[in-house]
Amino acid sequence: MNKLEREGSSVEAVIAAFRREYKIKDWELKYEIIKKPSAGFFGLFARKTAVLSFELPAVQDRVRLFLGQLLDKMGISYAQIKSKREGKNVHLDVIDCKDPGFLIGKNGYMLENIQFLLNRIFENDRRLDGVYLDTDGYREKQDAQFLRSYKPQIGNVVSSGKALTLNPMPASERRVIHRYVASQKDLRTLTIGDGDKKRIVIFHAKQSEKEVLSQTGGRPSRKPRPSGRPTEQRGKPTEQREPKEQRSRPRGGKPQAAPTNKPRAQSRKGTPSPQSQRPRPRRPKKEQ
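Read in my numbering, the sequence shown has 164 at position 146, and its numbers run on one by one without any break.
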């Protein structure tokens with residue numbers, strides 16, 4: 019646990035600012051109020067600053083505790099969850115799972131989906147790059163078997179100095195390649211293409227990405243567009259709406275009547291219209 023002190027105008031403001039800064043959930047928040055703001059005596063000696071001390075849990079503890087709560091709600095029994103941190107990555111291993119077939123799923127899909135969920139929940143933590151989930155070494159064995167055919171090709175990049183472009187592969191397999199190359203000091207990776215055509219380029223650490231892109235003729239993958247209102251497409255001008263005065267139909271949907279030059283009859287308060295100036299017939303008087 020790391021202890022951090024923050025101050026602000028009020029206790030609520032300090033807590034809200036700390037939660038925004040570290041993306042802390044309510045169940046993770048632990049703090050101690052050191053000083054409260056006070057009004058003083060008749061406005062004198064007033065203290066308008068609140069000071070709080072927060073306990074920031076280690077990133078691997080945050081992920082491990084959340085995974086434990088998730089597995090409990092799913093009804094999955096296990097002995098313990100081991101966590102290990104490598105750089106900015108966290109490796110979790112569920113030990114002695116009572117129902118490993120359910121946790122792993124067909125072709126490892128359940129394990130992959132839980133890992134995806136963990137990465138999405140903690141993606142805003144600046145101390146974390148990624149979460150890797152395993153159970154009783156299942157994925158470690160699968161990854162070792164998958165890398166067996168790629169290791170000789172990757173080794174040739176170090177000896178020859180020529181970049182290696184792999185065939186398109188799913189995101190789960192690309193992560194395995196990225197993680198393995200990251201453990202090699204003299205190698206780096208770069209992703210080119212978009213969608214299902216994403217490919218990994220493995221090159222020597224002495225080369226720059228610009229140099230590698232010029233050799234391979236590819237372009238780096240585009241970052242996903244942020245959610246929200248879509249941006250305008252390039253090359254297509256935006257549709258100009260008519261001014262309200264030039265619209266042929268009002269918002270109600272009924273067509274407007276065509277304007278006429280016929281003068282309107284004025285109200286009784288103003289000058290009388292020609293129709294109102296006609297003499298009215300008088301009623302005959304009753305005979306007495």
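Using N, Cα and C, we set each Cβ at its ideal position, and we do this for glycine too.
Assigned secondary structure, residue i (DSSP; H/G/I helix, E/B strand, else coil)
i: I51; result: strand
i: L184; result: coil
i: S28; result: coil
i: F36; result: helix
i: R192; result: helix
i: F72; result: strand
i: S226; result: coil
i: Y156; result: helix
i: R145; result: coil
i: V111; result: The question names Val, but residue 111 is Asp in the sequence shown. In this structure, D111 counts as strand in the three-state DSSP scheme.
i: T369; result: Residue 369 cannot be examined here, being either before or after the span of the chain that is shown, 19 to 306.
i: S177; result: helix
i: I132; result: helix
i: R217; result: strand
i: K21; result: strand
i: R206; result: strand
i: R166; result: coil
i: Y150; result: strand
i: I172; result: helix
i: I139; result: helix
i: I99; result: strand
Cβ distance (whole Å) where residue i is taken to contact residue j below 8 Å
i: R82; j: L110; result: 6 Å
i: K54; j: V29; result: 7 Å
i: V194; j: L165; result: 7 Å
i: K215; j: T209; result: Wrong, their Cβ atoms sit about 11 Å apart, outside the cutoff.
Residue nearest to residue i in terms of C-alpha spacing, selected from the options
i: D44; options: Y150, F84 and Q133; result: F84
i: E191; options: Q233, Y150 and Q202; result: Y150
i: G26; options: Q163, I42, N20 and S56; result: S56
i: H196; options: G148, K215, G155 and V230; result: G148
i: R38; options: E227, D143 and N107; result: D143
i: E229; options: S201, G211, G179 and G119; result: G179
i: S177; options: G119, K224 and F120; result: K224
i: K116; options: S95, A189 and Q133; result: S95
i: M92; options: I99, F120 and F140; result: F120
i: Y156; options: K124, L231 and S167; result: K124
i: L89; options: N107, L135 and E227; result: L135
i: N107; options: E141, P118 and L146; result: L146
i: D212; options: S232, A189 and N20; result: A189
i: I42; options: E141, T234, M187 and Q233; result: E141
Buried or exposed (CB count within 10 angstroms, at least 16 for buried), residue i
i: A35; result: exposed
i: A97; result: exposed
i: R80; result: buried
i: T153; result: buried
i: A68; result: buried
i: L22; result: exposed
i: D161; result: buried
i: Q78; result: buried
i: Q87; result: exposed
i: I122; result: buried
i: I113; result: exposed
i: A163; result: Before going further, note that residue 163 is Gln rather than Ala in the sequence given. Under this definition Q163 is an exposed residue.
i: N20; result: exposed
Chain B within 9 Å of residue i, Cβ atoms only
i: Q160; result: Protein chains in the displayed structure number just one, and chain B is not present.
Take every Cβ of the region 44-53, pair it with every Cβ of the region 67-75, and state whether three or more of those distances are shorter than 8 Å.
Taking 8 Å as the limit for Cβ pairs, the verdict is that the region 67-75 does touch the region 44-53.
Counting Cβ pairs closer than 8 Å, one from the region 127-134 and one from the region 95-103, do we hit at least three?
They do not touch, by the three-pair rule.
Any 3 or more C-beta pairs closer than 8 Å across the region 174-183 and the region 219-238:
Touching, yes.
Specify whether the region 167-176 and the region 201-215 touch according to this definition: at least 3 beta carbon pairs, one from each stretch, less than 8 Å apart.
Touching, yes.
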